[in-house]
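Q: Protein chains in written order, with the numbering used here: chain A, 362 to 628; chain B, 112 to 322.
Note that CB positions come from ideal geometry on N, CA and C, so glycine has one too.
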């Protein structure tokens, strides 16, 4: 690596000025998005700046436990984010989501770091943390779509699910079509990305590496590996989340417990 | 309440049932027995808990107190899916099915609780009730309410449950079809909810008055 070109605070400020343009557009067309835009801009600025300052010591000390703590915090935040905009919630879904993301993203990030990239030690923060971040960013979309679909289907198709139960279906026999449909929905975004990648966009990580001076051929190879890891993590995390959620929606007597669904006020 | 039955061994027995809906006590201390080929018609004003009673008998909803037995054994002793195969609830409005009635019949026949069960001919039943055979392969969404009701009922009845829990099974049917469906069901054991007092008089071997 030849290293990234230096970027001063003035240059960051210049980019921020572009957001003002968005604000003027919103004002001009009466979209009423000024406040949301300001908050989102501020969040981007604060969150990424904090992340940079937080990663600095984690990278410097290169301590396995520190990396593990950072990883767990990232998983917990991703779980919160995955549920933040759902129209329906259930009790304990945050725990379910956290565990699903931990299984799906933790395992693939470790696999990627050890077997495929061969980092030494395997938890090298410069490899493990960005990998985990990319797994989480994509998996939280899949998990969130899958879980939302499970609850929507159970709500809308209660009659169909209960008709199966009434004729002697076990909870799993009654729920399996819901699981299949929800997992299909969960996998759509990552499948779209994998089909369109390189044709329409240069993915973020590859862009970053190229801007950072990496040979494009090597950067594309890294990107391929990462996409496959992401696809695996989305699949694993979505399966875990959808199955755990479905299981929690039926009781010991193979009854659909729609009363466990809490509708959320829409913002 | 029910007049007491002469003690032929009851098929289905409920003792001291209490049913809560949404935290409110809907029915309490309800007992009933059902002997083979009995037709127990449940009557009472809307909202009194007729459908809830059927759902509880099918173990689709929990009950707050009491006991259910089929041939002397509780739902847990039978295993819940086995209980529901033998005590089958048919909703008043069939659910929107994803494809055709034939696919539904195939899916139900493949359930683990249904696989080794003795079965009748669903196609013959539906045909007796005036449903044209080609309707089995029509998309469910294109069928009329009456066609759906007869097809869904034919699937349930063909699985030969010991007790049928019927929630207004002929609500969408013309008088000729109603007569045919009643004729078939007269040979089965049923708990039957109807809002039609003349139907109640025709089919009931006993009444259960709620409310």
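Below 8 Å between beta carbons: does that hold for residue 122 of chain B and residue 274 of chain B?
A: On the second chain, residue 122 of chain B is found 11 positions in, with the first residue counted as 1. On the second chain, residue 274 of chain B is found 163 positions in, with the first residue counted as 1. A contact, by the Cβ cut-off of 8 Å.
Q: From the DSSP secondary-structure annotation, give me the bridge partner or partners of residue 433 of chain A.
A: Your numbering for residue 433 of chain A matches position 72 in the first chain. Answer is none; residue 433 of chain A lacks a bridge partner.
Q: Strictly under 8 Å for the Cβ-Cβ distance: is residue 171 of chain B near chain A by that measure?
A: Locating residue 171 of chain B in the second chain gives position 60, where the first residue counts as 1. True, the Cβ-Cβ gap to chain A drops below 8 Å.
Q: Pick helix, strand or coil for residue 611 of chain A, following the three-state DSSP scheme.
A: Reading the first chain from its first residue, position 250 is the one you call residue 611 of chain A. Three-state result, residue 611 of chain A: strand.
Q: Going along chain B in order, which residues have a C-beta closer than 7 Å to the C-beta of residue 531 of chain A?
A: Here residue 531 of chain A corresponds to residue number 170 of the first chain, with the count starting at 1. Within 7 Å Cβ-Cβ: 192 and 223.
Q: At 4 residues or longer, and completely inside the stretch 504-530 of chain A: list those alpha helix (DSSP H) runs for me, N to C.
A: Whole alpha helix (DSSP H) segments, 4+ residues: 519-527.
Q: With distances taken from CA atoms, which of B:163, B:214, B:173 and B:227 is nearest residue 203 of chain B?
A: Here residue 203 of chain B refers to the residue found at position 92 of the second chain. Answer by Cα proximity: B:163.
Q: From the beta carbon of residue 616 of chain A, is the nearest beta carbon of chain B less than 8 Å away?
A: Counting from one through the first chain, the residue named residue 616 of chain A turns up at place 255. Closer than 8 Å to some Cβ of chain B, the Cβ of residue 616 of chain A qualifies, so yes.
Q: Which same chain residues end up closer than 6 Å to residue 112 of chain B when comparing Cβ atoms and leaving out the 5 residues on each side of it in sequence?
A: For the purposes of this step, residue 112 of chain B is identified with residue 1 of the second chain, where counting begins at 1. The pLDDT assigned to residue 112 of chain B is 45, lower than 50, so where the model puts this residue is not dependable; a value taken from the coordinates is nonetheless given after this. Cβ within range, chain order: n/a, list empty.
Q: Can you tell me where the alpha helix (DSSP H) holding residue 455 of chain A begins and where it ends?
A: Reading the first chain from its first residue, position 94 is the one you call residue 455 of chain A. Where residue 455 of chain A is concerned, the enclosing alpha helix (DSSP H) stretches over 454-462.
Q: Using the three-state DSSP reduction, which class does residue 208 of chain B fall into: helix, strand or coil?
A: Looking up residue 208 of chain B in the second chain gives position 97. If DSSP states are grouped into helix, strand and coil, residue 208 of chain B belongs with coil.
Q: Looking at the strands, I want to know which residues DSSP matches up with residue 623 of chain A.
A: To locate residue 623 of chain A, count along the first chain from 1; it is residue 262. Looking at the DSSP assignment, residue 623 of chain A forms a beta bridge with A:450.
Q: Between residue 509 of chain A and chain B, is there a C-beta pair that is closer than 8 Å?
A: Along the first chain, one-based indexing puts residue 509 of chain A at 148. No, because no Cβ of chain B sits closer than 8 Å to the Cβ of residue 509 of chain A.
Q: Since residue 536 of chain A meets chain B, which of its residues come closer than 9 Å, beta carbon to beta carbon?
A: Taking the first chain and counting its residues from 1, one reaches residue 536 of chain A at position 175. Contact of residue 536 of chain A with chain B by beta-carbon distance below 9 Å is absent, the smallest such distance being about 13 Å.
Q: Determine the direct distance from the alpha carbon of residue 260 of chain B to that of residue 205 of chain B, and round the result to whole angstroms.
A: In the second chain, residue 205 of chain B corresponds to position 94, counting from 1. In the second chain, residue 260 of chain B corresponds to position 149, counting from 1. About 6 Å.
Q: Of all the CB atoms in chain B, is at least one closer than 8 Å to the CB of residue 520 of chain A?
A: By one-based count along the first chain, residue 520 of chain A stands at place 159. At least one chain B Cβ lies under 8 Å of residue 520 of chain A.
Q: Among all the DSSP beta bridges, which residues are the ones paired with residue 125 of chain B?
A: Here residue 125 of chain B refers to the residue found at position 14 when the second chain is read from its first residue. According to DSSP, which records beta bridges pairwise, residue 125 of chain B is partnered with B:143 and B:179.
Q: Looking only at its chain, what residues have a beta carbon closer than 7 Å to the beta carbon of residue 523 of chain A, apart from the 5 residues adjacent to it on each side?
A: Counted from its first residue, the first chain places residue 523 of chain A at position 162. Once the five neighbours on either side are set aside, the close Cβ partners of residue 523 of chain A are 617.
Q: Counting only runs of 4+ residues fully inside the stretch 368-416 of chain A, write out the alpha helix (DSSP H) ranges in chain order.
A: 370-389
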